[in-house]
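Per my numbering, residue 127 is the first one in the sequence shown, and the count goes up by one each step. Even for Gly, the Cβ is constructed at its ideal location relative to N, Cα and C.
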Amino acid sequence: MYIQAAYDFLRHLRVVQNASEHTIRNYAIDLNSLKNYIELGLLERHKPDELPEKIYYNRSYEDRKEHEKDELIALKRVNRRTIRGLLAHLNDQKVNKRTMVRRLSSLRTFFKFCIKQGWLETSPAEDIESPKLEKRIPHSMTYAELQTLFDQPDTSSYLGYRDRAIMELFYSSGLRVSELAALSREDFDPEQLLMKLRGKGKKERIVPITKNAADWIQSYLNHAERHLDTDEHLAECDARAIFLNKFGTRLTTRSIDRKFDKYLVSSGLAHKVTPHTIRHTIATHWLENGMDLKTIQVLLGHSCLATTTLYTQLSKSHKKEAYDQAHPRAL
Numbered sequence: 127m128y129i130q131a132a133y134d135f136l137r138h139l140r141v142v143q144n145a146s147e148h149t150i151r152n153y154a155i156d157l158n159s160l161k162n163y164i165e166l167g168l169l170e171r172h173k174p175d176e177l178p179e180k181i182y183y184n185r186s187y188e189d190r191k192e193h194e195k196d197e198l199i200a201l202k203r204v205n206r207r208t209i210r211g212l213l214a215h216l217n218d219q220k221v222n223k224r225t226m227v228r229r230l231s232s233l234r235t236f237f238k239f240c241i242k243q244g245w246l247e248t249s250p251a252e253d254i255e256s257p258k259l260e261k262r263i264p265h266s267m268t269y270a271e272l273q274t275l276f277d278q279p280d281t282s283s284y285l286g287y288r289d290r291a292i293m294e295l296f297y298s299s300g301l302r303v304s305e306l307a308a309l310s311r312e313d314f315d316p317e318q319l320l321m322k323l324r325g326k327g328k329k330e331r332i333v334p335i336t337k338n339a340a341d342w343i344q345s346y347l348n349h350a351e352r353h354l355d356t357d358e359h360l361a362e363c364d365a366r367a368i369f370l371n372k373f374g375t376r377l378t379t380r381s382i383d384r385k386f387d388k389y390l391v392s393s394g395l396a397h398k399v400t401p402h403t404i405r406h407t408i409a410t411h412w413l414e415n416g417m418d419l420k421t422i423q424v425l426l427g428h429s430c431l432a433t434t435t436l437y438t439q440l441s442k443s444h445k446k447e448a449y450d451q452a453h454p455r456a457l
């Protein structure tokens with residue numbers, strides 16, 4: 127495939143579309159999946175900002191032109207059968223259907239970019255049917271399950287305070303894990319009980335937080351400042367970030383997910399629990415306590431109300447479960 131096209135596409139995502147590093151990384155992985163399938167050397171394992179200069183521009187002008195010609199020919203050889211073959215291969219490899227849908231979506235976007243650049247006339251991913259996804263109703267936690275999870279961090283340490291504050295904030299406002307990881311101190315308003323978030327597409331929104339969550343965050347910050355002031359190894363810490371790791375740098379989404387995995391094991395809860403589980407849970411609790419869907423949509427940062435209506439199904443599911451457990455003739 128046309129390696130320069132892939133690099134230009136990733137650069138376009140960063141510079142023109144202002145995409146997040148997480149989004150760019152996912153596109154790179156998806157393009158790499160097609161490379162691995164057809165073995166044409168599309169995308170080297172480079173970070174998106176280590177783009178073609180080292181690989182491409184250090185060649186002579188004649189070499190670059192010949193390389194472009196060869197890769198353009200290779201790009202034009204990718205057809206619908208290639209894309210269908212990739213999906214079949216991913217299915218054989220037991221790749222989950224949601225990942226397959228994302229891969230196909232990424233390739234469609236990439237090929238549209240190639241058409242706009244004049245490298246292709248039509249998209250080989252056009253009219254390829256996406257794998258069918260089952261509409262899963264996500265698990266929503268009970269209040270007792272939430273409390274069991276929240277009791278897991280050891281609050282005798284400032285890191286335990288941090289983890290409890292993270293849990294409280296997730297349940298307070300239904301943040302995405304990426305939004306929580308991106309929080310800086312100037313986003314936190316403990317007086318007004320507000321938090322400024324940067325959501326998908328770097329869209330900003332301001333959400334209310336509970337006093338309980340604000341108190342846990344403030345307690346964590348107080349503990350963290352005392353610890354950072356006395357630890358000479360943390361002199362270069364990220365002073366802006368709210369949630370820091372033990373090395374004084376901003377927590378990543380992966381490290382937050384790993385914290386939840388650890389606490390899930392210690393809690394003994396039967397269901398898988400992630401930050402997104404708590405997001406689903408608070409949305410369901412809002413709905414069950416009378417909040418309207420439009421307000422929930424705004425609080426969660428959903429661009430489409432249809433996404434928010436999932437929680438009406440979730441609420442019905444919980445009501446049915448509670449009914450089956452409580453009604454003497456429902457068993």
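Under the 10 Å beta carbon count, Lys385 is surrounded by 16 or more other beta carbons and is classified as buried. For Glu330, the enclosing beta strand (DSSP E) starts and ends at Glu330 to Pro334. According to DSSP, Lys322 shares a beta bridge with Ile332. For Leu259, the secondary structure class from DSSP, reduced to helix, strand or coil, is coil. Rounded to whole angstroms, the gap between the alpha carbons of Met293 and Leu275 is 9 angstroms.
Ranked by how close their Cα comes to the Cα of Lys242, the residues Ser310, Leu259, Lys329 and Phe135 have Phe135 in first place. For Asn152, the uninterrupted alpha helix (DSSP H) run begins and ends at Glu147 to Ile164, by DSSP. Nearest in C-alpha terms to His397, of all of Leu285, Gln318, Arg324 and Thr268, is Thr268. Going by beta carbons, Gly325 and Glu305 fall inside the 8 angstroms limit.
Note on geometry: alpha-carbon atoms of Ala339 and Thr281 lie some 15 angstroms from one another. Under the three-state reduction of DSSP, Arg405 is assigned to helix. A residue is called buried when at least 16 other Cβ atoms come within 10 angstroms of its Cβ; Leu347 meets this threshold and is buried.
His406 counts as buried, since at least 16 other C-beta atoms from the protein chains shown sit within 10 angstroms of its C-beta. Sorting Leu212, Ser232 and Trp245 by C-alpha distance to the C-alpha of Asp156 places Ser232 at the top. Ile404 and Tyr297 do touch by the CB rule: their CB atoms are close to 5 angstroms apart, below 8 angstroms. For Thr375, the closest of Leu354, Ser392 and Lys388 by C-alpha to C-alpha distance is Leu354. Around the beta-carbon of Ile332, fewer than 16 other beta-carbon atoms lie within 10 Å, marking it exposed. Residues Gln278 of the same chain have their beta carbon placed closer than 8 angstroms to that of Ser392, with the five preceding and five following residues left out of the count. By the Cβ test, the segment 243-251 is in contact with the segment 203-210, since at least three Cβ pairs between them sit closer than 8 angstroms.
Between the C-alpha atoms of Gly327 and Arg302 there is a straight-line separation of about 13 angstroms. Listed in chain order, the non-local C-beta contacts of Gln344 below 6 angstroms within the same chain comprise Pro316, local neighbours out to five positions each way being set aside.
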